[in-house]
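Written below as structure tokens is the structure these notes are about.
Take a look at the structure:
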């Protein structure tokens, strides 16, 4: 069980006032608030252990190396990977681009196919367009069902031996649907394709076991799981990381090179980490993982389930609210107020201290499936309370008067 | 000239332009110049069309998708600019920008556009209030001969 009153004390942002009102932060799918332990982790690097990693022989440099190593181990434990399969990146976008450029462009050719869906975030679409541009490989779409879900049946309809990569989100960022990834991965593998997973919305919210799911690559961001911005992870099966080129060349990843241009690269994961890592980010990420482990991922799932069910039942009582994803598994509710443009509504919510996201959420799915140009997305996490939901529902009731904010 | 003392009327004007936007149509006529404004924010996606002659805005139309503020502000703008010389049109646009920037401005030329004065209190919406206006400004400036 999650005790939100206890948790609230851990998050300084929850004491912030917005427009004279307590902040109700319902935009955790965009980024999450940070607990004090994560803030302390970042500050610890900046105040007590500042030095570069893997190049110093002195005490603090050694301590940094140990912490980087411990963080890699913590990430590996968190998703049941091996430590050497964890590459630090700046976030999900960089992770996916690393796979697209480092693996896709290197290994795909014009007869190959990449399968994605229309529900993908831009960061899991545009890198594949680039692979297509460079290699001639085709980007095709797995049809979604009427609800907007990716199903195994629909993958079977389009997958073939031409398919080399199936790139999908474990949880989609607009609809919040949880994909049966194990089944999708098995089908991809049956046809000799790799399964490349965008885990930005899933890893922070659901227990993730890359061995059980049998995924080939998994990308996620620290800042969506209580960690700092600018630090993220790419998991890749070790033999695939070996077959992949780095995106950047530079210091820390080359074992030796000579003037003729002969280069020996370090082994993965270090091979992909040219330049100085975001070390305070690494320190913070370790604390974030520990915080989530202390709470327990299954407790987080139960907490979000309960809040979501409550929010849906309250929203359904309102005639002016259209909910687009009533049956989603993740703590994401996508909706509109009838007759109110999403951005107008979110400005109104802001005046009540409520932070929600309006827009297309970087996904093309909206226009095709939801028949609307924009939506409001409210999303929750460990610190979200029933009171936050009540505030939001109450604001929805009055949302018809959204222009109030211009004339108060 | 509209007054700022009556929020109800200002509100009515915004809603009226949102629900019944003026000059909202896609123009196929090759004599019109046009500009696509879709990079200033996540949602708004607007085309502005203009028929110009002798350094004058003969006609102004627009089409696209936007929130209340972008729709209503572009609608008001289109009415305001039709028939104006480039010089006058640019002056009006400048006064509108100054208003949104909370600076001193010449309110006599803004007519209904004055109802957007409170946008400065919602800074996240400034782009919405400006998208159509910036489109028109670019179109006029592109003409290159907007002599004083």
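Protein chains in written order, with our numbering: chain R, 61 to 468; chain H, 2 to 149. Cβ coordinates follow ideal geometry from the N, Cα and C atoms, glycine included. Model, not experiment: these values are computed from the prediction.
Is the beta carbon of residue 139 (chain R) closer than 7 Å to that of residue 289 (chain R)?
Along the first chain, read from residue 1 onward, the residue named residue 289 (chain R) stands at position 229. Along the first chain, read from residue 1 onward, the residue named residue 139 (chain R) stands at position 79. The answer is no: Cβ separation not under 7 Å.
What is the C-beta distance between residue 165 (chain R) and residue 199 (chain R), in whole angstroms, given that I count them as a contact (C-beta under 8 Å)?
Taking the first chain and counting its residues from 1, one reaches residue 165 (chain R) at position 105. Taking the first chain and counting its residues from 1, one reaches residue 199 (chain R) at position 139. Incorrect: roughly 13 Å between the Cβ atoms, too far for contact.
Under the three-state DSSP convention, the category residue 527 (chain R) falls into
This structure gives no information on residue 527 (chain R), because the portion of chain R shown stretches from 61 to 468.
Beta-carbon contacts of residue 458 (chain R) that lie in its chain and below 7 Å, excluding the five residues immediately before and after
In the first chain, counting from the first residue as 1, residue 458 (chain R) sits at position 398. So no residue of the chain qualifies.
Does DSSP classify residue 201 (chain R) as helix, strand or coil?
Position 141 of the first chain, counting from 1, holds the residue named residue 201 (chain R). In the structure shown, residue 201 (chain R) sits in a strand (DSSP, three-state: E or B).
Taking the alpha carbon of residue 413 (chain R) as the point to measure from, which residue in R:66, R:77, R:340, R:68 has its own alpha carbon closest?
Position 353 of the first chain, counting from 1, holds the residue named residue 413 (chain R). For residue 413 (chain R), the nearest C-alpha among the options comes from R:77.
Under a three-way DSSP split, which group does residue 440 (chain R) fall into?
Locating residue 440 (chain R) in the first chain gives position 380, where the first residue counts as 1. Of the three classes helix, strand and coil, the one that applies to residue 440 (chain R) here is coil, per DSSP.
Please tell me whether residue 8 (chain H) has its Cβ less than 7 Å away from any Cβ of chain R.
Locating residue 8 (chain H) in the second chain gives position 7, where the first residue counts as 1. It does; some Cβ of chain R falls within 7 Å.
Runs of beta strand (DSSP E) wholly within the segment 119 to 155 of chain R (minimum 3 residues, chain order):
146 to 149
What residue from H:24, H:27, H:49 has the CA that sits closest to residue 36 (chain H)'s CA?
Taking the first residue of the second chain as position 1, residue 36 (chain H) is located at position 35. The option with the nearest alpha carbon to residue 36 (chain H) is H:49.
Helix, strand or coil, according to DSSP, for residue 2 (chain H) in the structure here?
To locate residue 2 (chain H), count along the second chain from 1; it is residue 1. Low confidence applies here, because residue 2 (chain H) scores a pLDDT of 48, under 50, leaving its location unreliable and the question unanswered by this model.
Shorter than 7 Å from the beta carbon of residue 66 (chain H) to some beta carbon of chain R?
Within the second chain, numbered from 1, the residue matching residue 66 (chain H) stands at position 65. So yes, residue 66 (chain H) belongs to the interface.
Could you compute how far the alpha carbon of residue 393 (chain R) sits from the alpha carbon of residue 406 (chain R)?
The sequence position of residue 393 (chain R) within the first chain is 333, counting from 1. The sequence position of residue 406 (chain R) within the first chain is 346, counting from 1. Each residue's alpha carbon lies about 14 Å from the other.
Short of 6 Å in beta carbon distance, which residues of its chain neighbour residue 80 (chain R), apart from the five on each side in sequence? Order them along the chain.
If you number the first chain from 1, residue 80 (chain R) lands on position 20. No residues qualify anywhere along the chain.
Output yes or no for whether 7 Å exceeds the beta carbon distance between residue 187 (chain R) and residue 160 (chain R).
Position 127 of the first chain, counted from the start, is the residue given in the question as residue 187 (chain R). Position 100 of the first chain, counted from the start, is the residue given in the question as residue 160 (chain R). Yes, the Cβ-Cβ distance between residue 187 (chain R) and residue 160 (chain R) is below 7 Å.
Which chain H residues are close to residue 467 (chain R), counting only those with a beta carbon under 9 Å from its beta carbon?
Here residue 467 (chain R) refers to the residue found at position 407 of the first chain. Within chain H, the residues near residue 467 (chain R) are 8, 9, 11, 12, 119.
Give the DSSP-derived three-state secondary structure of residue 385 (chain R) in the structure shown.
One-based indexing of the first chain puts residue 385 (chain R) at position 325. Coil.
The segment 88 to 105 of chain R touching the segment 341 to 360 of chain R, judged by at least three CB pairs closer than 8 Å:
yes
Name the two residues that bound the continuous beta strand (DSSP E) containing residue 74 (chain H).
Locating residue 74 (chain H) in the second chain gives position 73, counting from the first residue. Counting along the chain, residue 74 (chain H) falls outside any beta strand (DSSP E), though it belongs to the alpha helix (DSSP H) covering 69 to 82.
For chain R, find out if any of its Cβ atoms is closer than 7 Å to the Cβ of residue 126 (chain H); answer yes or no.
Position 125 of the second chain, counting from 1, holds the residue named residue 126 (chain H). Yes, contact with chain R.
Is the beta carbon of residue 237 (chain R) closer than 7 Å to that of residue 216 (chain R)?
Position 156 of the first chain, counting from 1, holds the residue named residue 216 (chain R). Position 177 of the first chain, counting from 1, holds the residue named residue 237 (chain R). No; because the gap between Cβ atoms is not below 7 Å, this pair is not in contact.
Under the DSSP definition of a beta bridge, which residues are partnered with residue 38 (chain H)?
For the purposes of this step, residue 38 (chain H) is taken as residue 37 along the second chain, with counting starting at 1. Residue 38 (chain H) is bridged to H:47.
Chain R beta carbons: is any one of them nearer than 7 Å to that of residue 69 (chain H)?
Your numbering for residue 69 (chain H) matches position 68 in the second chain. It does; some Cβ of chain R falls within 7 Å.
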